[in-house]
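Have a look at the structure below, then the notes.
2 protein chains.
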Amino acid sequence: MNLILIQSGEPDSEGRVRLGDARAEHILGVLHATPGKSLRVGLLNGPCGCALVEEICGRDVILRCDFEATVPSRPAVDLLLALPRPKVMKRLWAQLAALGVGRIILTNAEKVERFYFDSHVLEPDFYNAHLIEGLQQAGDTLLPDVQIVRQLKPFLEDDLDGLFPMHGTRLLADPSGKEGCGDIFQRSENRVFLAVGPEGGWTQYELELFAAHGFQMFNAGPRILRTDTAVVGLVMLLNQLAHTCACVKNGRGSRE
Amino acid sequence: MNLILIQSGEPDSEGRVRLGDARAEHILGVLHATPGKSLRVGLLNGPCGCALVEEICGRDVILRCDFEATVPSRPAVDLLLALPRPKVMKRLWAQLAALGVGRIILTNAEKVERFYFDSHVLEPDFYNAHLIEGLQQAGDTLLPDVQIVRQLKPFLEDDLDGLFPMHGTRLLADPSGKEGCGDIFQRSENRVFLAVGPEGGWTQYELELFAAHGFQMFNAGPRILRTDTAVVGLVMLLNQLAHTCACVKNGRGSRE
Numbered sequence: 024m025n026l027i028l029i030q031s032g033e034p035d036s037e038g039r040v041r042l043g044d045a046r047a048e049h050i051l052g053v054l055h056a057t058p059g060k061s062l063r064v065g066l067l068n069g070p071c072g073c074a075l076v077e078e079i080c081g082r083d084v085i086l087r088c089d090f091e092a093t094v095p096s097r098p099a100v101d102l103l104l105a106l107p108r109p110k111v112m113k114r115l116w117a118q119l120a121a122l123g124v125g126r127i128i129l130t131n132a133e134k135v136e137r138f139y140f141d142s143h144v145l146e147p148d149f150y151n152a153h154l155i156e157g158l159q160q161a162g163d164t165l166l167p168d169v170q171i172v173r174q175l176k177p178f179l180e181d182d183l184d185g186l187f188p189m190h191g192t193r194l195l196a197d198p199s200g201k202e203g204c205g206d207i208f209q210r211s212e213n214r215v216f217l218a219v220g221p222e223g224g225w226t227q228y229e230l231e232l233f234a235a236h237g238f239q240m241f242n243a244g245p246r247i248l249r250t251d252t253a254v255v256g257l258v259m260l261l262n263q264l265a266h267t268c269a270c271v272k273n274g275r276g277s278r279e
Numbered sequence: 024m025n026l027i028l029i030q031s032g033e034p035d036s037e038g039r040v041r042l043g044d045a046r047a048e049h050i051l052g053v054l055h056a057t058p059g060k061s062l063r064v065g066l067l068n069g070p071c072g073c074a075l076v077e078e079i080c081g082r083d084v085i086l087r088c089d090f091e092a093t094v095p096s097r098p099a100v101d102l103l104l105a106l107p108r109p110k111v112m113k114r115l116w117a118q119l120a121a122l123g124v125g126r127i128i129l130t131n132a133e134k135v136e137r138f139y140f141d142s143h144v145l146e147p148d149f150y151n152a153h154l155i156e157g158l159q160q161a162g163d164t165l166l167p168d169v170q171i172v173r174q175l176k177p178f179l180e181d182d183l184d185g186l187f188p189m190h191g192t193r194l195l196a197d198p199s200g201k202e203g204c205g206d207i208f209q210r211s212e213n214r215v216f217l218a219v220g221p222e223g224g225w226t227q228y229e230l231e232l233f234a235a236h237g238f239q240m241f242n243a244g245p246r247i248l249r250t251d252t253a254v255v256g257l258v259m260l261l262n263q264l265a266h267t268c269a270c271v272k273n274g275r276g277s278r279e
């Protein structure tokens, strides 16, 4: 837990908050904080800040928070992921929040088993707890927006442009891609919408649907990766590329 | 299983091999292969090739293999990893082999618990099975070299230069890094030796030891990732950068 996240309703008007849950356990058992100690905190979907340990009452910790004026910027990558097996998805929530994604859209696809959608890992209470765990690990405050889509085609046709305007870069890793994603990045906007397919891949029909909705195929090399490996690797890669491109555009990079 | 791996002692002088294990189950149960069908195979640490299903005897499958002349090239990344918790390491073996690493060196460090080294996940029979699973997923034949190092300092002082010559790029992700790894790549050799620290990070003493042995610190952004997320993301990122740089140097890339 590298950042202790406070929810917006928790602090009183003077920024005072009483914690008695896993956060208090962490503050006492791992950080060994005593009154007067300053801790790094964040307001969920808000700014980061500092908190002073005012008082420790048994297992409860009373903090007085002072938040900064600016909210961290949203990660550059949004993700459309064909819903993996619940066991895999369970592990991915925190990893995705830690890596940084603005949006997680979980979709059906031809090669996704229908019963995956009945899993408890898709319940908001379950995934929000895991997303918050990932944010606290990474030191971010912005909870990814989550949407669960049971039909891919109507989503692409009716909802995609509203959620992710056409001027962003829509990407899909596929062996048919002629370019690496770095090449596509150099001539594009920084915001990225990445589609990652199911274990067995997208069907030809689905690939054509993505292409018709502006997705560019890029080649991530000849190795065939499992969904969980691919999605972690690709989100990391795209966030780094977006960061590098932003630095270059702002004149701060050393890339030629 | 996107490639069926055959071990060097298995085929007879005519390239015939009889399989009765999980590979046969996959060929019959997933690929639904019948005699005459051609399959993609690979020779462990050797070339890829084709195999003809000659005969099916109960649960056994007899293949006749015809291997290509050239062996796939070794992945560009070697990895030095501070040994993570056994539960995490168990999952990482197959992921690392799938992503592609030439060498996996697991090391002790100040913040690694000593008892991790007693785990069965460090036994060759255990990890080789998982590495082969990863290779069969990714479609590669080259088993990563594995070495387990119980003392970091003598390894860096006595063994590192022999295993990984100084003209390669030695990298370590650390918030103190001024550049991204893409910047370092542009003026370096393609072969990379990446050091990834334990959950609590390297100590200052360890960081100085790495710096004294030619490791360049790079900045992978402000987010603090768990070991398993970081190592998967960084290996993917570095393999892609190495691939892009190799393309540019061979005049095949479109990067400016």
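Protein chains in written order, with this note's numbering: chain A, 24 to 279; chain B, 24 to 279. Backbone N, C-alpha and C define an ideal beta-carbon position, used for all residues, glycine too. Everything numeric in this text was worked out from a predicted model, so none of it was measured.
- Per the C-alpha coordinates, the member of Leu232(B), Thr267(B), Phe241(B) positioned closest to phenylalanine 241(A) is Thr267(B).
- Residues of the same chain with a CB within less than 6 angstroms of the CB of proline 221(B), apart from the 5 flanking positions on each side, are Ala105, Ala132, Lys134, Val135 in chain order.
- The C-alpha of arginine 173(B) is placed about 31 angstroms away from the C-alpha of glutamine 263(B).
- Counting every other CB atom within 10 Å of its CB across the protein chains shown gives tyrosine 228(B) a total below 16, marking it as exposed.
- When DSSP states are grouped into helix, strand and coil, alanine 45(B) belongs to the helix group.
- Distance from the CA atom of methionine 24(B) to the CA atom of leucine 145(A), rounded to whole angstroms, is 28 angstroms.
- Here threonine 252(A) has no same chain residue with a Cβ atom under 6 angstroms from its own Cβ, once five neighbours each way along the sequence are excluded.
- Of all C-beta pairs linking the stretch 109 to 116 of chain B to the stretch 142 to 157 of chain B, three or more are shorter than 8 angstroms, placing the two stretches in contact.
- Counting other Cβ atoms within 10 Å of its Cβ, histidine 55(B) stays below 16 and is therefore classed as exposed.
- In this structure, the beta-carbon distance from valine 64(B) to glycine 52(B) does not fall below 8 angstroms.
- In this structure, phenylalanine 178(B) lies away from threonine 226(B), with their beta-carbon atoms at least 8 angstroms apart.
- Per DSSP, valine 144(A) is not a residue of any alpha helix (DSSP H), being assigned neither H nor E.
- Annotation: the continuous beta strand (DSSP E) that includes aspartate 101(B) extends over 100 to 105.
- Here the C-alpha atom of leucine 28(A) lies approximately 40 angstroms from the C-alpha atom of proline 167(B).
- Across the structure, valine 76(B) and arginine 82(B) are spaced so that their CA atoms are roughly 13 angstroms apart.
- Taken in chain order, the members of the stretch 153 to 175 of chain A whose beta-carbon sits within less than 8 angstroms of a beta-carbon on chain B are Gln160, Ala161, Gly162, Asp163.
- The three-state reading of DSSP puts alanine 265(B) in helix, counting H, G and I together.
- For arginine 114(A), the three-state secondary structure derived from DSSP is helix.
- In this structure, the beta-carbon distance from valine 255(A) to valine 100(B) does not fall below 8 angstroms.
- Among the bridge pairs identified by DSSP, arginine 39(B) is matched with Arg87(B).
- Contacts with chain A at 8 angstroms (Cβ-Cβ) do not include threonine 226(B).
- The continuous alpha helix (DSSP H) containing alanine 235(A) extends over residues 227 to 235.
- At a cut-off of 8 angstroms, the C-beta of threonine 57(A) has no neighbouring C-beta in chain B.
- Bridge partners of serine 61(B) according to DSSP: Leu75(B).
- In this structure, the alpha-carbon of glycine 203(B) lies about 6 angstroms from that of alanine 243(B).
- Note: phenylalanine 241(B) is bridge-paired with Ala196(B), Glu202(B) in the DSSP secondary-structure output.
- Annotation for aspartate 184(A): the continuous alpha helix (DSSP H) segment containing it runs 183 to 186.
- Taking the beta carbon of threonine 252(A) as reference, the chain B residues within 7 angstroms of it are Gln118, Ala121, Leu122, Val255, listed in sequence order.
- When Cβ-Cβ separations below 8 angstroms define contact, histidine 143(A) makes no contact with chain B.
- A Cβ of chain B is located within less than 8 angstroms of the beta carbon of leucine 260(A).
- DSSP places threonine 250(B) within a helical segment (H, G or I) once states are collapsed to three.
- Looking at the backbone, the Cα of leucine 165(B) and that of phenylalanine 233(B) are separated by about 28 angstroms.
- Rounded to the nearest whole angstrom, the C-alpha separation of glutamine 30(A) and proline 98(B) is 45 angstroms.
- Beta-bridge annotation (DSSP): valine 53(B) is not paired with any residue.
- Non-local C-beta neighbours of arginine 41(A) in its own chain, meaning closer than 6 angstroms and more than five positions away in sequence, comprise Asp83, Ile85, ordered along the chain.
- The C-alpha of glutamate 231(A) lies about 25 angstroms from the C-alpha of valine 169(A).
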